[in-house]
Amino acid sequence: MSFALDDAQVAVVGLGLMGGSLAAALSTLGACRQVVGVARRRSTLTTALDLRFIHKGTTDLQEGVAEADIVILATPVQDIIAKIGIIGPMLKPQCLLMDVGSTKQAICQAMEALPGHVHPMGGHPMCGKEASGLAMADPALYRDQVFVLSPLARTSAKAVDLGKSLALSIGARPLILDPQRHDRLVAAISHLPYMLAVTLVKAAEDVASGDPMVWKLAASGFRDTSRLAAGDITMMLDILATNRTHVLEMLGQAQAHLSSLMGYLEREDLVSLRKALQSARARRAGMF
């Protein structure tokens, strides 16, 4: 790997929120020589070109990645896995192939089968919005956010350094994590919160079926705690399916905590309830 990031052509496959924001950051910051966008719809490419998020674009995957030094897959997780299965022969020697998918074990496992001339490395920037699509793209989305990198055993040190350089160039903070460890941790702080937000909305719907007035009372507390339920369903289904074991583990832990809280209320044990509430409050207050 004899090229530097500022001399690289970067192909971003998928120009939704994450891919569009990444392309925008790379272009506006002048982090690389050229950004190529690959999207399913020509209208998406036209918009990205008009916004100067990309230098050129195509709907043809092979055309888009053929000359790229770095390829970043920014589509839903299952589509990333499918593209990994076909993209290897399309890539030139020493190409760095990365992704921005929200789970890493399944993706990195698929990367193991890539041809030897490709440098594979999983990636997951810890940022996003509940809304999706290029219209929501923001070149500052990655700024000051953790960008997880999951190298494979075969990934060279130079490839890892290049991935770190890319993350730093868009203002992110690179963090090396093993895929399995990553998936368990994000199940706790990302995937479980989504499931709990869905549960909250469903519980309120149950109340609303008997008394619709509940929606008129829903204000900032409900809005903030239910926000994740408005996320992209296709993306979340892929995430939950590819991180099923860890998500089930975290749902079990959450269920146990809910059972404890219910028990305190049933027994009118306000001392224990206060301790649980104080513990959570102290942890949350010291986080952000």
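Counting in this note's numbering, the sequence shown runs from 36 upward without gaps. Glycine residues also receive a C-beta, built at the ideal position from the N, C-alpha and C atoms. The structure displayed is predicted, hence computed values, not measured ones.
{"query": "H152, buried or exposed, once every other Cβ within 10 Å from all chains shown has been counted against 16", "result": "exposed"}
{"query": "Extent of the continuous beta strand (DSSP E) run through L210", "result": "208-211"}
{"query": "H159 - containing beta strand (DSSP E), residue span", "result": "154-160"}
{"query": "Within the stretch 162-216, ranges of the beta strand (DSSP E) (whole runs, at least 3 residues)", "result": "181-186, 208-211"}
{"query": "Exposed unless 16 or more other CB atoms sit within 10 angstroms - verdict on L272", "result": "exposed"}
{"query": "Contact between the stretch 263-283 and the stretch 103-118 (3+ Cβ pairs under 8 Å)", "result": "yes"}
{"query": "Local Cβ density within 10 Å of I121, reported as buried at 16 or more and exposed below that", "result": "exposed"}
{"query": "Nonlocal neighbours in the same chain, by C-beta distance under 6 Å from K193, ignoring five residues either side", "result": "M36"}
{"query": "The stretch 70-80 touching the stretch 172-192, judged by at least three CB pairs closer than 8 Å", "result": "no"}
{"query": "Residue-level contact to chain C via CB, K118, 7 Å cutoff", "result": "Structure shown: chain C not included; a single protein chain is present."}
{"query": "Assigned secondary structure, I107 (DSSP; H/G/I helix, E/B strand, else coil)", "result": "strand"}
{"query": "Exposure label - D241; buried when at least 16 CB within 10 Å", "result": "exposed"}
{"query": "Range covered by the beta strand (DSSP E) that runs through A73", "result": "Here residue 73 turns out to be Val, not Ala, going by the sequence shown. Here the beta strand (DSSP E) through V73 covers 69-73."}
{"query": "Alpha-carbon to alpha-carbon, A317 and L235", "result": "23 Å"}
{"query": "Alpha-carbon to alpha-carbon, L61 and A46", "result": "11 Å"}
{"query": "Under the three-state DSSP convention, the category A57 falls into", "result": "Looking at the sequence provided, one finds Leu at residue 57 rather than Ala. Note: L57 maps to helix in three-state DSSP."}
{"query": "Residue environment, V306, which counts as buried when at least 16 other CB atoms sit within 10 Å", "result": "exposed"}
{"query": "Minimum C-alpha distance to R208 - residue among V181, H226, L231", "result": "V181"}
{"query": "A103 beta carbon less than 7 Å from that of Q44", "result": "yes"}
{"query": "Buried versus exposed, by CB contacts within 10 Å (16 or more), K237", "result": "exposed"}
{"query": "CA-to-CA distance, L252 to E98, given in whole angstroms", "result": "53 Å"}
{"query": "Contact the stretch 80-99 vs the stretch 135-146: 3+ CB pairs below 8 Å", "result": "no"}
{"query": "Reduced DSSP category for T269 - H, G, I as helix; E, B as strand; rest coil", "result": "helix"}
{"query": "Supposed contact pair A311 and L296 - C-beta distance, whole angstroms, cut 8 Å", "result": "6 Å"}
{"query": "Per DSSP, cross-strand counterpart(s) of A39", "result": "DSSP output for A39 lists no bridge partner at all."}
{"query": "Contact check, A172 vs L286, beta carbons under 7 Å", "result": "no"}
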